[in-house]
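Colleague:
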Amino acid sequence: MSDEQVTKKFLYVNRKAPYGTIYALESLEVVLIGAAFEQDVSLAFIGDGVYQLTKGQDTKGIGVKNFSPTYRALGEYDIQKIYVEKESLEARGLTLDDLQHLVYEDEDDDWAEKDAIKLVSAKELGEIMEQQDVVLSF
Amino acid sequence: MEFGILVNEGPYQHQAADSAYLFAKAALEKGHKIYRIFFYHDGVNNGTRLTTPPQDDRNIVERWSQLAEEHDIDMVICVAAAQRRGIVDPEEMKRNGKDADNIAPGFRISGLGQLIEAGIKADRLVVFGD
Amino acid sequence: MSMLHTVNKSPFNSDGLSSCLQCALAGSSVLLIEDGVYAARRGTQYEALVQEALKDKKIYALQPDLEARGVKSNLIDGIELVDYAGFVDLTTDHDSVQAWL
Numbered sequence: 006m007s008d009e010q011v012t013k014k015f016l017y018v019n020r021k022a023p024y025g026t027i028y029a030l031e032s033l034e035v036v037l038i039g040a041a042f043e044q045d046v047s048l049a050f051i052g053d054g055v056y057q058l059t060k061g062q063d064t065k066g067i068g069v070k071n072f073s074p075t076y077r078a079l080g081e082y083d084i085q086k087i088y089v090e091k092e093s094l095e096a097r098g099l100t101l102d103d104l105q106h107l108v109y110e111d112e113d114d115d116w117a118e119k120d121a122i123k124l125v126s127a128k129e130l131g132e133i134m135e136q137q138d139v140v141l142s143f
Numbered sequence: 031m032e033f034g035i036l037v038n039e040g041p042y043q044h045q046a047a048d049s050a051y052l053f054a055k056a057a058l059e060k061g062h063k064i065y066r067i068f069f070y071h072d073g074v075n076n077g078t079r080l081t082t083p084p085q086d087d088r089n090i091v092e093r094w095s096q097l098a099e100e101h102d103i104d105m106v107i108c109v110a111a112a113q114r115r116g117i118v119d120p121e122e123m124k125r126n127g128k129d130a131d132n133i134a135p136g137f138r139i140s141g142l143g144q145l146i147e148a149g150i151k152a153d154r155l156v157v158f159g160d
Numbered sequence: 002m003s004m005l006h007t008v009n010k011s012p013f014n015s016d017g018l019s020s021c022l023q024c025a026l027a028g029s030s031v032l033l034i035e036d037g038v039y040a041a042r043r044g045t046q047y048e049a050l051v052q053e054a055l056k057d058k059k060i061y062a063l064q065p066d067l068e069a070r071g072v073k074s075n076l077i078d079g080i081e082l083v084d085y086a087g088f089v090d091l092t093t094d095h096d097s098v099q100a101w102l
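Protein chains in written order, with the working numbering: chain A, 6 to 143; chain B, 31 to 160; chain C, 2 to 102.
1. May I ask which residues mark the beginning and end of the beta strand (DSSP E) holding residue 140 of chain A?
2. Who are the near neighbours of residue 92 of chain A in its chain, counting only those whose CB is closer than 8 angstroms to its CB and skipping five residues on each side?
3. Could you tell me which chain A residues have their CB closer than 7 angstroms to the CB of residue 157 of chain B, listed as they occur along the chain?
4. State the Cα-Cα distance for the pair residue 59 of chain A and residue 82 of chain B, rounded to the nearest angstrom.
5. Rounded to the nearest angstrom, what separates residue 119 of chain A and residue 104 of chain A at their Cα positions?
6. Output the boundary residues of the alpha helix (DSSP H) element that contains residue 53 of chain B.
7. Between the Cα of residue 36 of chain B and those of B:124, B:125, B:107 and B:56, spot the shortest distance and give me the residue it belongs to.
8. Quick one: does residue 86 of chain C have its CB under 8 angstroms from some CB of chain B?
9. Rounded to whole angstroms, what is the Cα-Cα separation between residue 113 of chain B and residue 14 of chain C?
10. Just checking: is the beta-carbon of residue 31 of chain A within a distance shorter than 8 angstroms of some beta-carbon in chain B?
11. In whole angstroms, what separates the C-alpha of residue 159 of chain B from that of residue 11 of chain A?
12. Taking only three categories from DSSP, how would you classify residue 55 of chain C?
13. For residue 63 of chain B, collect the residues of the same chain with a Cβ closer than 6 angstroms to its Cβ; drop the 5 residues on either side in sequence, then sort them by chain order.
14. Take residue 136 of chain B and list the residues in its own chain whose beta-carbon comes closer than 7 angstroms to its own, dropping the five residues that flank it on each side.
15. Any contact between the segment 54–62 of chain B and the segment 56–66 of chain C? By contact I mean 3 or more CB pairs, one from each, below 8 angstroms.
16. Can you check DSSP and say which residues form a bridge with residue 118 of chain A?
17. Looking at chain C, which residues of the segment 52–69 of chain B have a Cβ within less than 8 angstroms of any of its Cβ atoms?
18. In chain order, what residues of the same chain have a beta carbon less than 6 angstroms from the beta carbon of residue 143 of chain A, not counting five sequence neighbours either side?
19. May I ask you to list the residues that DSSP assigns as paired with residue 40 of chain C?
20. If you scan the segment 113–159 of chain B from start to end, which runs of the alpha helix (DSSP H) of 4 or more residues do you find wholly inside it?
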C-alpha cells in the first residue's frame with residue numbers, strides 16, 4: 006500500500022474484556038483494516054483482554070452482535086502472531102482449551118495449518134513489546 | 031521528530047483529550063511536527079462543533095480547531111466510529127440521509143487506514159485513552 | 002534506548018501498573034500520568050511494587066497531574082518528575098511508546 010514499502014512492526018495490545026465496553030470490537034476493526042497495509046503485525050492479549058478469545062460466546066440475550074467468530078478469520082488476513090499472556094490466563098482460571106482455536110496457513114511451509122496463539126510469559130511478552138515500532142492500545 | 035497521536039476518549043468525560051492536547055502543544059513548542067491526530071472510539075466526540083461548555087471552562091473542541099489551524103495539523107475522525115456516535119460532515123450527511131452535520135473546523139472524517147498510515151509515517155505514535 | 006510505558010490509571014482501580022511492571026524490561030521507563038500518578042506516593046500498598054521496579058527501571062511522574070490532585074509531596078525516592086515538555090522528551094529519548102490503557 007505504501008509507496009516506500011516501509012515495513013514496521015505493529016503490536017495491538019488488548020487489555021479489555023468484550024461487550025462491557027466497545028474497545029475490543031473497535032480494536033478488532035483496526036486490526037482488519039491494518040492487515041491491508043502489509044506491516045509486520047502481532048496481537049497481544051493481556052489481563053481481561055484474554056476474555057476476548059474465549060470459546061462459546063453467545064450474545065443473543067444481550068442484543069449485541071457476537072463478534073468472536075471474527076477472531077477465527079484473522080488467519081485469512083495473514084495474522085500469525087497472537088500472543089496470550091500466560092499469567093493473565095492462569096489468574097483467570099483459564100487454559101488454552103478455553104480459548105478459540107485460531108490458525109493460519111504458513112506460506113513458507115507448504116501452507117500447513119499452524120496455531121496462531123502463542124502462550125508467553127509476561128517477561129517474554131516484554132521482550133516482544135520492546136521489538137515493536139508502533140504499539141496501538143485501545 | 032514527527033508524531034502521530036491517537037485519542038480514544040471523548041472530551042470532558044475523561045482526561046485523555048486534555049492530556050493529548052497538552053502533549054501535542056508541548057511537542058510543537060519544542061519544534062517537533064505532528065503528522066496526524068487520529069480520533070477513535072468516543073474520541074470522535076472531540077470533533078463536534080455543537081458543544082457549549084461553561085464559560086469558565088476550557089473549550090476542548092475549539093482548542094483542537096485552533097491548534098489545527100495554527101500548525102496546519104491533519105486531524106482525522108474515524109468514519110466507522112463517527113457513524114456509530116453521530117459525528118457527521120456534509121458528505122456523510124448526504125450519504126447517510128441525515129438532516130444536519132456537526133463536524134468542527136479543522137477535523138475531517140476518514141477511514142481507519144489513516145491511523146495505520148500515521149503509525150507507518152510518524153516517528154512515534156503516542157496513545158491517549160481510558 | 003528502549004521502550005517508554007505510560008500508565009494512566011490508579012493502581013487501586015486497575016491492574017495497568019502491575020501488568021506493565023510485569024512485562025517491562027530492565028532499562029525501560031515508566032511514566033505515570035493522569036490517575037496513574039497516585040502510585041508515586043509513599044506509604045501506599047503499591048509502594049513495594051514501585052520500589053522493586055525502581056531497581057532496574059526509571060519511573061517518572063507527570064508533575065501537572067500530581068499537582069492537580071494535591072499529591073505532589075511525599076513521593077517515593079527515585080521517581081523523577083517531568084512536565085509536558087519532559088513527557089515529549091521521554092517519547093523521543095525512547096524507541097517506542099506503549100500506553101497501558
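C-beta atoms are modelled at their ideal positions from N, C-alpha and C, and glycine is treated no differently.
This one's a predicted model, so the numbers in the text were calculated from it and none came from an experiment.
Modeller: Taking the structure as given:
1. 139–142
2. 126 and 127
3. 141 and 142
4. 43 angstroms
5. 15 angstroms
6. 46–59
7. B:107
8. yes
9. 31 angstroms
10. yes
11. 27 angstroms
12. helix
13. 32
14. 94, 95, 98, 99 and 105
15. no
16. A:110
17. 52, 53, 55, 56, 57, 59, 60 and 62
18. 28 and 32
19. Answer is none; residue 40 of chain C lacks a bridge partner.
20. 120–125 and 143–151
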